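Quick note, the sequences are listed as chains A, B, C and D, same order.
Per our numbering, residue 1 is the first one in the first sequence, and the count goes up by one each step.
Per our numbering, residue 1001 is the first one in the second sequence, and the count goes up by one each step.
Per our numbering, residue 2001 is the first one in the third sequence, and the count goes up by one each step.
Per our numbering, residue 3001 is the first one in the fourth sequence, and the count goes up by one each step.
Notes follow once the structure below has been shown.
Number of protein chains: 4
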Amino acid sequence: MAALKVSIVGASGYTGGELLRLLLGHPKVEVLQVTSERLTGKFVHKTHPNLRKRTDLKFSSAADLQKCDIVFLCLPHGSAMDRIEEFTGLADRIIDLSADFRLRNPDDYIQWYDRPHSNPAFLEKFVYGVCELHREEMKTAHYVSGAGCNATTTILGLYPLYKADVVEPHSTVVEVKVGSSEGGNSASAGSHHPERSGAVRSFMPAGHRHIAEMLQELAFGRKINIHFSATSIEMVRGVLATSHVFLKEDLQEKDIWKIYRSAYGGEPFIRIVKERDGIFRFPEPKILTGSNYCDIGFQKDERSNRLVVISALDNLMKGAAGQAVQALNIMFGFEETTGLEFPGLHPV
Amino acid sequence: MAALKVSIVGASGYTGGELLRLLLGHPKVEVLQVTSERLTGKFVHKTHPNLRKRTDLKFSSAADLQKCDIVFLCLPHGSAMDRIEEFTGLADRIIDLSADFRLRNPDDYIQWYDRPHSNPAFLEKFVYGVCELHREEMKTAHYVSGAGCNATTTILGLYPLYKADVVEPHSTVVEVKVGSSEGGNSASAGSHHPERSGAVRSFMPAGHRHIAEMLQELAFGRKINIHFSATSIEMVRGVLATSHVFLKEDLQEKDIWKIYRSAYGGEPFIRIVKERDGIFRFPEPKILTGSNYCDIGFQKDERSNRLVVISALDNLMKGAAGQAVQALNIMFGFEETTGLEFPGLHPV
Amino acid sequence: MAALKVSIVGASGYTGGELLRLLLGHPKVEVLQVTSERLTGKFVHKTHPNLRKRTDLKFSSAADLQKCDIVFLCLPHGSAMDRIEEFTGLADRIIDLSADFRLRNPDDYIQWYDRPHSNPAFLEKFVYGVCELHREEMKTAHYVSGAGCNATTTILGLYPLYKADVVEPHSTVVEVKVGSSEGGNSASAGSHHPERSGAVRSFMPAGHRHIAEMLQELAFGRKINIHFSATSIEMVRGVLATSHVFLKEDLQEKDIWKIYRSAYGGEPFIRIVKERDGIFRFPEPKILTGSNYCDIGFQKDERSNRLVVISALDNLMKGAAGQAVQALNIMFGFEETTGLEFPGLHPV
Amino acid sequence: MAALKVSIVGASGYTGGELLRLLLGHPKVEVLQVTSERLTGKFVHKTHPNLRKRTDLKFSSAADLQKCDIVFLCLPHGSAMDRIEEFTGLADRIIDLSADFRLRNPDDYIQWYDRPHSNPAFLEKFVYGVCELHREEMKTAHYVSGAGCNATTTILGLYPLYKADVVEPHSTVVEVKVGSSEGGNSASAGSHHPERSGAVRSFMPAGHRHIAEMLQELAFGRKINIHFSATSIEMVRGVLATSHVFLKEDLQEKDIWKIYRSAYGGEPFIRIVKERDGIFRFPEPKILTGSNYCDIGFQKDERSNRLVVISALDNLMKGAAGQAVQALNIMFGFEETTGLEFPGLHPV
């Protein structure tokens, strides 16, 4: 089979760069064009220095995009919805990594993004990008919307429990610990190293937009609530979600094991991590750096009905670019792990 | 007045070293002896290198302790209770920094520390060491028990709300993010730098012993529960507690302000940190390094009755040695901030 | 004696903030005004969050400065020389923390700063601010010029050897390892946390401007060369200089000890750190954070005539604000350590 | 061709684990056995948590090793030389990653390792493992000795200059900045996170054993000296060498370019990094994490004959396991980059 021709719109940022790295190493894919209006004509390895000696690609302007098999959109939130019909003309398939097509209900954009959606007709055409939840739809989908990194971490941790309906619907509390790359590649006073280094910054105690995705994916027709907070810590890549759920009935850890095994037993990128001893008893984002795994563990509080679920991933991989390549593999019938084989490092 | 003669039993550890640093700089105090059985005869500045050129003290054996005005105990948990009568003979006043006298109910030791207390008669003689809650008792106390660092952080954050009885009693969820110095100065496989660096380690998702202190101090005669988890992050000093409480009635942020001001308005070491903009909108442990402040902030979730309370301190200062010196100042009628003037650094 | 009235021009940056912290805690000093044109009217603790509850000062405009006893200038390089006569009218004594009056030879400004000095007549009125080298001149000086942080670290490490004339004059190689706060408080692409975190960045392999100060202070009438490089590492505060000098004659380590003791025996802020065992055998900047010490150690290479000298300090303290307060203490006859008592922390 | 059967002796450490990760992903290789006496019978992914779901291998005892095509030795220094004949019986080819067969002259072991070599006859049978210098010999070699990580970094940076004989032979000064994984996986007081975090530790100002390798590989029949120091910094993986060489004649940067291009033009794992602007103007170890590249840059000091050479690599990859796999590829005629395709991450 001829290599799939792919282009990336908005390839100068962290997500675009990571996607480019993965696609350059993907054996079924040829990277046709990558765009950046600001850097048109410049070598991509100047911006993404890990790609030195790997590619001689230069950034193109989006105005010069050629037809191809699939386009990845790595634009700022709000851009993709305004320009979607420009891109549907270029390729039969699109994977959008912004927030613009994640939510099915147009009203959610008003509520969570403070603006009406500019092209709501497209919302139902997009499949939400968490592969473990929407694999079957992806197989025939033309459009996939990459999920938010914090949403992916939280949803993958909680999905089996919510699907099995064993959780009190209104009392779940989630706190994610996130790294600085989540904020993108634009410098600001808050990202200045002397200020950001060693920070434990409660940047979003309430009101995080990714909550909308969690509610959409975990409700299963019920009314639920997720009490979500996000804290930045000293880390560049990585998300760890600590989710406190309250069990409706008296389940033991072995029952929880069964629920997770049943949901994720065959999943190539989910690992249940729960050891009795050793250093890495629970998921840790650092050993996931560069990998596409989402590691999930849990512990039952013996003094209450609380179950603490711990889920971790690399926000630029399973939380963005890796997830998108996994979706591509599903959409085109490739082995799902193609191009995503890097297991992560230890120590690191 | 002649300087107060103080000795420290168990001064080779991190808490003992920090206490020694503070007491050497305290204008009303003379450090008489500091003990370490392992390091007897060695200069303390070899172990605590920041004290080079500050003191020529050498470690003594506890067997050689002389009478003095007050003894600080920085022994491993379980030692102080076994040897307490040895120390009451040495000094009229004792501040114990272990867990051995924190809990009033002897049964709590069986439940949380898996062993009966070896000298329960002393439990009622000790005042629990959070100065903001027990200042009046401390003024006449002979024995004070330093509070746990995670307990102090959580209790100071939540105390005004529990005292005002505005919180649902069974649904509070707390997660502390802690640094590596909390684990003390003994190297282990888990504290080995390549493993511990950059970690986000769910070392105690449930069952942390400091919960017992929180329940004791926050109950106010009610039956309450605190769903507590502890996560180690990349940090040496510092604790930040994110506490999710659910309000019984519809309070606004200005009502919460009033509750905190009423509880802490005159407190020298509590700062309410809640800014509309800027980098440091909420408490951050890094700017508290070396200081005795506990910074507290909060944010109301507009979509629910959840209030997120954020509290931070330096675990070796306000969470241990600084708190102990503050208690000493109260016990002896000194200005409460004496020897605790260092404000913390920025940037750091 | 009435408190000394001091003002700080340019107090919104890191050096100005650190100076303000020190002066607020200095018992002989009253901080009259601190200026920032951009932040006029704003509380200083909004910019320097460690000073919350420590001061209610607001930033003033330099146009509103009142007469006072001493003015500290913390302006960008190039400003102080242009405006120096504006400030000499305000106070009888000035300590300038920029590079504008560090070099005695006006030609050096052309060679190292690529511009002629705009007020060369003032160069000879300023005393170079390394107190250990110029204490006697400072006692009667009206104007002191704070030394560069990298220059201070290197000069203090090498001064005894150059003074004793035991070093080959043209072969010394120095590499400083520096933290991110050296670059000031302005965010840039290079200071963006995901890029700067964990960096080992050769930001100035040759041509660093601080070399001019080293040559000036270490020459003692000889012609010398210093081969200097600067590397940024993962650190916020701190400088460590590794200096490789080649001995002219066959000196043993005990001879080197004598040379250092003779030069620094009575110095309050110099510590010779050279242990046979333990973790802190040589100077380490991290335990100097917030302190005014410069720690110096050395090791002779047994296979050659190389002597490796290691010197470390906190760039914002002994390398800037602390050095300036030490100079103030000398100028006004205060105890030299006044306001500079903080010993640094361990662990940290 | 049937897959190559390989075993790793001593696979519980960091180098052994990294080698295992690479070999598991190598398409021409089958990992037969990995040994650890302490962990015999345990799953390797318990020790190397990044390999969860990648392998079900368990550790074997060396006593149970079967015959195979090639054995990698990752034993502590001193073991391989004592047991070498045990391993030559198991496989026709050996790659030893310890220091035991790096030096050709047996006397060097006495001088640098303080003990005579126990099997000097084998020294001449081993090829020194820096592929760029010894590729031709490796093609027919049976035994290869992996080079030291600091030696590899320094040698690769300096080799073109020494080979071209443009460097003063006795005045080169090198300082490496290294991460904590260089010290291996055994916890110690010095590797305890509160002590090691943020350290700038002059752990080997002189006398480092890797100097022997540098002298051996860079001499080209001349008498040379390398003045070498090693400093630990806040980093887990990575080495950066700053080498100060003094040019014998007046070369310009374009001449230096030619020398490097001539030496490394066709090398798959060497990149010359020297940009006029941008953040990554010179080599940085962090973007090499997990990759097999050695990045090299340089800058001429315009005020002297000094050339500053900057070289960087991942100590566990190009400095150990990656280099060994590259050697395996050469020995067996595989494409040299096989199994070493990971380019490194950005940001990280």
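No residue lacks a Cβ here, since even glycine has one placed at the ideal position from N, Cα and C.
This one's a predicted model, so the numbers in the text were calculated from it and none came from an experiment.
Exposed is the label assigned to THR2140 of chain C, since fewer than 16 other Cβ atoms lie within 10 Å of its Cβ. In this structure the stretch 3147-3155 of chain D touches the stretch 3315-3335 of chain D; the number of beta carbon pairs closer than 8 Å is three or more. A buried status is given to TRP2112 of chain C, since no fewer than 16 other beta-carbon atoms sit within 10 Å of its beta-carbon. Exposure of THR1337 of chain B is indicated by the presence of fewer than 16 other C-beta atoms within 10 angstroms of its C-beta. Contact with chain A is absent for ARG1102 of chain B, since none of that chain's Cβ atoms lies less than 8 Å from the residue's Cβ.
Within the stretch 3228-3255 of chain D, the residues whose Cβ lies closer than 8 Å to any Cβ of chain C are, in chain order, SER3229, THR3231, ILE3233, GLU3234, MET3235, GLY3238, LEU3240, THR3242 and HIS3244.
In this chain, the beta strand (DSSP E) harbouring GLN33 of chain A covers 29-35. As computed with DSSP, ILE2226 of chain C is found in a beta bridge with C:THR2172. Spatial neighbours of ILE3070 of chain D in its own chain (CB-CB distance under 6 Å, excluding positions within 5 residues in sequence) are listed in chain order as VAL3006, ALA3091 and ARG3093.
Residue burial annotation: HIS3346 of chain D is buried, with at least 16 other C-beta atoms found within 10 angstroms of its C-beta.
When the alpha-carbon of ASN3185 of chain D is set against those of D:CYS3068, D:ARG3209 and D:LEU3075, the nearest one is in D:LEU3075. Among the residues facing chain C, ASN3150 of chain D is not included, as its CB has no counterpart in that chain under 8 Å away.
Looking at the backbone, the Cα of LEU1156 of chain B and that of LEU1039 of chain B are separated by about 36 Å. A direct Cα-Cα distance of roughly 6 Å separates ASP314 of chain A from LEU288 of chain A. Apart from sequence neighbours up to five positions away, the residues of its chain that approach ASN2329 of chain C with a beta-carbon distance below 6 Å are GLU2336 and THR2338, ordered along the chain. The contact set of ASP301 of chain A on chain B, defined by CB atoms closer than 8 Å, consists of PRO1205, ALA1206, GLY1207 and HIS1227 in chain order.
For the pair of segments examined, the stretch 2265-2276 of chain C was found to touch the stretch 1040-1053 of chain B: the number of CB pairs separated by less than 8 Å reaches three. For GLU3284 of chain D, the closest C-alpha among the options C:GLU2168, C:ARG2021 and C:SER2197 is that of C:SER2197. Annotation: PRO1120 of chain B has no Cβ neighbours in chain A at a cutoff of 7 Å; minimum Cβ distance is about 23 Å.
Annotated three-state conformation of GLN216 of chain A is helix, per DSSP. Under DSSP, ILE3272 of chain D takes part in a beta bridge, and its partners are D:ILE3296.
Across the stretch 2304-2327 of chain C, CB contacts with chain D closer than 8 Å involve SER2304, ARG2306, VAL2308, ILE2310 and ALA2312, in sequence order along the chain. Residues of chain A with a Cβ closer than 7 Å to the Cβ of SER1171 of chain B are, in chain order, SER171. At least one CB atom of chain A sits nearer than 8 Å to the CB of SER1202 of chain B.
When DSSP states are grouped into helix, strand and coil, PHE1087 of chain B belongs to the helix group. At a cut-off of 8 Å between C-beta atoms, ALA2011 of chain C does not count as an interface residue with respect to chain A. Short of 7 Å from the beta carbon of LEU2097 of chain C, and not among the five residues preceding or following it, lie these beta carbons of its own chain, in chain order: THR2015, PHE2072, LEU2073, CYS2074, GLY2146, ALA2320 and ALA2324.
The alpha carbon of VAL167 of chain A has as its nearest neighbour, out of A:HIS193, A:GLU249 and A:GLU175, the alpha carbon of A:GLU249.
When the beta-carbon positions are compared, ALA11 of chain A and CYS131 of chain A stay at least 8 Å from each other.
GLU175 of chain A and ALA206 of chain A have their C-alpha atoms some 10 Å from each other. By the 16-neighbour rule on beta-carbons within 10 angstroms, HIS1192 of chain B is buried.
Look at VAL3348 of chain D: its C-beta is under 8 Å from a C-beta on chain A. Cβ atoms of GLY1089 of chain B and GLY1179 of chain B stay farther apart than 8 Å, at about 37 Å. The Cβ of ARG3196 of chain D sits no closer than 8 Å to any Cβ of chain A.
Classified as buried, HIS2244 of chain C has 16 or more neighbouring CB atoms from the shown chains inside 10 Å of its CB. The beta-carbon of ALA2189 of chain C is placed less than 8 Å from the nearest beta-carbon of chain D.
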